[in-house]
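See below for the structure under consideration.
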Amino acid sequence: MEQAKVHQLAVTSAKARVYAMDMVHKAASGHIGGSLSAMDLMAVLYFDEMNIDPARPRWEDRDRFVLSKGHCTPALYPMLALRGYFPVERLMEFRALDGNLSGHPDMNQVPGVDMSTGSLGQGISAAVGMALAGKVDKKDYRIYALLGDGEVEEGQVWEAAMAAAKYHLDNLCAIVDVNGLQIDGATADVMPSEPLDQKFAAFGWNVLKMDGHDYAAISDTLAQARTCKDRPTVILMKTVKGKGVSFMENVAGWHGKAPNDEQYAVAHAELAAALEELEGR
Amino acid sequence: MGEKLATRVAYGRTLAKLGYDHPEIVALDADLACSTMSQTFGDAHPDRFFNMGIAEANMIGVAAGLAAAGKKPYASSFAMFAAGRAFEQIRNSVAYPRLNVKIVGSHGGLSVGEDGATHQCCEDFALMRCLPGMVVCCPCDAYEMEQAVKALVDYEGPAYLRLGRLAVETVTDALPNYSFTLGKGTLLRAGKDVTIIANGMMVQKALKAGEILAAEGIDARIIDMHTVKPIDEEMVLQAAKETGAIVVSEEHNIVGGLGEAVAGYLSGVYPVPVIRHGVEDVFGCSGKAEKVLEYFGLSPEGIAAKARQAVEAKRK
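Here the protein sequences come in this chain order: B and F. Reminder that position 268 of the first sequence reads as 268 in our numbering, one-by-one numbering, no gaps. Reminder that position 55 of the second sequence reads as 336 in our numbering, one-by-one numbering, no gaps.
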């Protein structure tokens, strides 16, 4: 990946991180930790990888993205706004009664949202259904689904994994955000799900790994997934929960908590400084 | 009365037939395709039939994804597992996003018989009708099922269709001017003393109850209410006004089903005695289907007894 492109993606996710923090603070609720961990991937998906057209959000031949870990809307909405699906001003309607940016994504309310999700384990099944439709129609669009590493504790994920392998859904790329934490603590303590690579491989998937904060690596791995035929691909994406905010990084407590005013001031300052540095101001 | 055929057989045949003109129809099953009869569609359209294995939660989610990508998916299993096991998937992945998924629950009610209580789903109407925007339909015979499946193909939105296991007499094909409209009941017998509203295989039993009652001098109106939701309010209100008492008979728990839909509506607009006839908030048990139904009072005589009770309540 060209250095200019890497820089552009870094700026995009830095902007989105600022928006995410502002949204969660304004709403005084929301899931900031897992949104910050997935933000760099989201920038690559929406600004590099996916074949989409914000002017035609329901375009039949578009690639589709399913936020199976539906609580991470603070990672999705800013990307959709920055990509042009709706004005960035609307981001401040997040979780508000008088707006329509609901806590979890609603495909009938938010332009660019391909599937309503929120109940963990269900998005990946919908992604399998979309991929299956693509096969039936002999279309070459691709389906991306983002799961949490806590989410994979849901049995439905493995039902979906079996089905995706059975139907050779090489147009499906699942990405697991392996930040190692869930609401109640470390995934290793709450419910050990590792070794995820061996589990997905045993279910018949092509398994790839990447650093979820390295734009070139993300782009290369997604490209590699595209070349795999006859099998679905899962990318185990190593990330830092709360990435970008010093006191939130790798702390389970920041899974679904909004910062208070004091904490917000620090978090916002850190994220804004990172953006300014990138923009050379 | 016409031929004896199970509504599930009519479902499979009709969907297979419609599949030729509707390439967007796809069907999914969870390893019960030969029982729900979705296999008939699968045999005719193997490229559009997906056996998802014994994994109902995923099946419903996959159906949602297919619908989101423009397909018209029919996802079937036993009522217990379609509506019950996958309830939350239906709520969050189908009903909430208003996706065009048809959930098909076969072997509804007690008439799965020998399998016993674990498989006798008497809660599916309740589970499905409490979901905003969900259409709930339970045709009484093969002919009506054929019309219902056709109507549902043209209906855009989530719907639940209950199929029956047993072969039942076809009664609707002989009706003059019969037409099927979702949300509209069918008058089967005129009457002025009491109204019996039924669906599924209780319709045939209601007709027999009508004969029993007629012999006693009770003139019962009989309505086939194939659509549990939305309920045909106009026909229910008219029945309340003109007959003054109502019995609702269904192969379902009296809690949460058609009976409560009728009672709930009437209590707000025109209260008359509404007697609910069904499974009285207990679990089923193993046995030959007809024997089990009789054991729980789901028989023509059982309906007739409730009708007498309703007439009595009206006089007080």
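Positions of the beta carbon are idealized from the N, C-alpha and C atoms, including for glycine.
Q.
Any C-beta of chain B within less than 8 Å: which residues of the region 490–513 of chain F qualify?
A. none
Q: Following the continuous beta strand (DSSP E) through SER358(F), name the residue where it begins and the one where it ends.
A: 353–359
Q: Rounded to whole angstroms, what's the CA-CA distance from GLY34(B) to THR73(B)? Just pull it up for me.
A: 10 Å
Q) Under 8 Å, do LEU598(F) and ALA133(B) count as touching if we go by C-beta distance? A) For residue 598(F) there is no data in the structure shown, the boundaries of chain F being 282 and 597.
Q: Decide if ASP149(B) is buried, meaning its Cβ has at least 16 other Cβ atoms within 10 Å, or exposed.
A: buried
Q | Residues of its chain near TYR408(F), where Cβ-Cβ distance is below 7 Å and the 5 sequence neighbours each way are ignored | A | Rather than Tyr, the amino acid found at residue 408(F) in this sequence is Leu. The residues are ALA364, GLY365 and PHE368.
Q. Taking only beta-carbon atoms, is MET237(B) less than 8 Å away from chain F?
A. no
Q: Within 10 angstroms of the Cβ of VAL343(F), are there 16 or more other Cβ atoms? Answer buried if so, exposed if not.
A: buried
**Q.** Separation of LEU278(B) from HIS7(B), as counted between CA atoms
**A.** Approximately 8 Å, taken between the alpha carbons.
Q: Count the CB pairs spanning the region 107–127 of chain B and the region 64–80 of chain B that are closer than 8 Å, and state whether there are at least three.
A: yes
Q: Measure from the C-beta of VAL136(B) to each C-beta in chain F and report whether the shortest distance is under 8 Å.
A: yes
Q: Sort GLU153(B), ALA164(B) and ALA223(B) by Cα distance to LEU196(B) and report the nearest one.
A: GLU153(B)
Q | Interface partners of ASN534(F) on chain B, CB under 9 Å | A | Per Cβ cutoff of 9 Å: no residues; ASN534(F) is ~26 Å from chain B at best.
(Q) List, in chain order, every chain B residue whose beta-carbon is nearer than 7 Å to that of GLY260(F). (A) Residue 260(F) lies beyond the residue range present for chain F, which begins at 282 and ends at 597; the question has no answer from this structure.
Q | Length-filtered (4 minimum) alpha helix (DSSP H) runs lying within the region 60–113 of chain B | A | 73–83
Q: Could you work out which residues of chain B lie near ASP343(F), taking near to mean beta carbons separated by less than 8 Å?
A: First, the amino acid is wrong: residue 343(F) is Val here, not Asp. Against chain B, the beta carbon of VAL343(F) has neighbours under 8 Å at SER125, ALA126, VAL128, GLY129, LEU132, ALA160 and ALA163, listed in chain order.
Q: Just the chain B side, please: which residues come within less than 7 Å of LEU270(F) by C-beta, in chain order?
A: Absent from the structure is residue 270(F), since the part of chain F shown begins at 282 and ends at 597.
Q: Return the residue from the list ASP435(F), LEU488(F) and ARG443(F) that minimises the CA-CA distance to THR462(F).
A: ASP435(F)
Q) Roughly how many whole angstroms lie between the Cα atoms of VAL416(F) and ALA440(F)? A) 4 Å
Q) Which residues, taken in chain order from the region 247–275 of chain B, show a beta carbon closer than 8 Å to some beta carbon of chain F? A) none
Q: Report all residues from its chain with a CB closer than 7 Å to the CB of ARG17(B); omit the five preceding and five following residues, and keep chain order.
A: LEU36, MET39, GLY244 and LEU271
**Q.** Local Cβ density within 10 Å of PHE330(F), reported as buried at 16 or more and exposed below that
**A.** Buried is the call here.
(Q) Would you say LEU294(F) lies against chain B (beta-carbon separation less than 8 Å)? (A) Reading off the sequence shown, one finds Arg at residue 294(F), where the question assumed Leu. No, ARG294(F) lies away from the interface with chain B (no Cβ there is under 8 Å from its Cβ).
Q.
Tell me the residue span of the beta strand (DSSP E) that contains ARG502(F).
A. Note, ARG502(F): beta strand (DSSP E), 501–505.
Q: Determine, using beta carbons only, whether PHE362(F) comes closer than 8 Å to chain B.
A: By this cut-off, PHE362(F) is not an interface position.
Q. If you follow the beta strand (DSSP E) that SER35(B) is part of, which residue opens it and which one closes it?
A. Premise fails: SER35(B) lies in the alpha helix (DSSP H), 33–44, not in any beta strand (DSSP E).
**Q.** SER219(B) - containing alpha helix (DSSP H), residue span
**A.** 215–227
Q: Assuming ASP505(F) contacts GLY466(F) (C-beta within less than 8 Å), just tell me the rounded distance between them.
A: 6 Å
Q: Return the CA-CA distance between ASP61(B) and GLY351(F), expressed in angstroms with no decimal places.
A: Cα-Cα distance, rounded: 11 Å.
**Q.** Three-way DSSP call (helix, strand, coil) for MET115(B) in this model
**A.** coil
Q | Residues, ordered as in the chain, of the region 91–116 of chain B that lie near chain F by beta-carbon distance below 8 Å | A | ASP106, MET107, ASN108, ASP114, MET115 and SER116
**Q.** Nearest neighbour of SER374(F), chosen from SER13(B), LEU80(B) and GLY123(B) [CA to CA]
**A.** GLY123(B)
Q: With a threshold of 16 other CB atoms inside 10 Å of the CB of PHE564(F), please say whether the residue is buried or exposed.
A: It is exposed - the Cβ of PHE564(F) has fewer than 16 other Cβ atoms within 10 Å.
Q.
Here's the rule I'm using: 16 or more other beta-carbon atoms within 10 Å means buried, otherwise exposed. How should PHE247(B) be labelled?
A. exposed
Q. Which bits of chain F does GLU60(B) rub up against, with CB to CB less than 9 Å?
A. ALA350 and GLY351
(Q) Please state the DSSP three-state secondary structure of ILE238(F). (A) This structure leaves residue 238(F) out entirely; chain F is present only between 282 and 597.
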